[in-house]
Amino acid sequence: MKQLPEKVALDKAINGQRLYQGQIELCQMTRLVDMLADCEGIVEFSIQFERADRIPGKAQVKVKTDLPLICTISRKRYLMPVDIDSSIGFINDLAYEELLDVGMEASWFEDGYVNLPEIIEDELILIVPDVPFDETATDGDDSDQQGDNNLPAEKENPFSVLESLKQDLK
70 MKQLPEKVAL
80 DKAINGQRLY
90 QGQIELCQMT
100 RLVDMLADCE
110 GIVEFSIQFE
120 RADRIPGKAQ
130 VKVKTDLPLI
140 CTISRKRYLM
150 PVDIDSSIGF
160 INDLAYEELL
170 DVGMEASWFE
180 DGYVNLPEII
190 EDELILIVPD
200 VPFDETATDG
210 DDSDQQGDNN
220 LPAEKENPFS
230 VLESLKQDLK
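Structure representation (structure tokens):
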């Protein structure tokens, strides 16, 4: 696996319209790992730098992987397929943000350099759902439905005492 450079000079990458592509291990993404069930897996990526008219530069970012998540319903590990194709605009001044094209995400850079692994990791962090849910899980599991039969038929309303007090005040 070819080593991805951590930082690249933005002006050189844009002027040369450089393309960085390859693979990176999920375990190398320290901010993302805490959101995952484990860090087993490989991320395929490509970052194509391009010139831009009104901002310092832009890039087309493609990321493909399967993220290991824990389903909040079943509490089981599942793989969420990810296939991202996004356009990012590099800014180092908030005034540039309003100049971004529609559908373009802002990516902040400092000192003329961009961190390639962070660009990839940012795209993945944005795609992780707040409440992971395995949509492929089968609905045929009756264990939850059987558990409901053991509940009392009707619970007493905890606010019924307040209702009676309200009636007494009238």
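Note that the numbering used here has the sequence shown beginning at 70, numbered continuously upward. Backbone N, C-alpha and C define an ideal beta-carbon position, used for all residues, glycine too. Owing to the predicted nature of the structure, the values given are computational and were not obtained by experimental measurement.
Beta-carbon contacts of residue i that lie in its chain and below 6 Å, excluding the five residues immediately before and after
| i | result |
| --- | --- |
| residue 98 | 190 |
| residue 143 | 206 |
Contacts around residue i, its chain only, beta-carbon distance under 7 Å, and the 5 residues preceding and following it disregarded
| i | result |
| --- | --- |
| residue 93 | 73, 112, 114, 186, 189 |
| residue 128 | 116, 117, 118, 119, 157 |
| residue 124 | 158, 159, 160, 165, 168, 169 |
Rounded separation between residue i and residue j - CA only
| i | j | result |
| --- | --- | --- |
| residue 149 | residue 90 | 22 Å |
| residue 76 | residue 140 | 35 Å |
| residue 152 | residue 234 | 59 Å |
| residue 168 | residue 179 | 18 Å |
| residue 110 | residue 194 | 15 Å |
| residue 146 | residue 107 | 9 Å |
| residue 79 | residue 170 | 19 Å |
| residue 183 | residue 133 | 21 Å |
| residue 88 | residue 173 | 19 Å |
| residue 86 | residue 126 | 10 Å |
| residue 136 | residue 198 | 11 Å |
Three-state secondary structure assigned by DSSP to residue i
| i | result |
| --- | --- |
| residue 72 | coil |
| residue 151 | strand |
| residue 97 | helix |
| residue 191 | helix |
| residue 138 | strand |
| residue 117 | strand |
| residue 128 | strand |
| residue 88 | strand |
| residue 102 | helix |
| residue 133 | strand |
Residue i, buried or exposed, once every other Cβ within 10 Å from all chains shown has been counted against 16
| i | result |
| --- | --- |
| residue 105 | buried |
| residue 138 | buried |
| residue 95 | buried |
| residue 201 | buried |
Boundaries (first-last residue) of the beta strand (DSSP E) holding residue i
| i | result |
| --- | --- |
| residue 175 | 174-177 |
| residue 184 | 182-184 |
Close-in-space but distant-in-sequence residues of the same chain around residue i (CB under 8 Å, 5 per side omitted)
| i | result |
| --- | --- |
| residue 84 | 120 |
First and last residue of the uninterrupted alpha helix (DSSP H) at residue i
| i | result |
| --- | --- |
| residue 80 | 79-84 |
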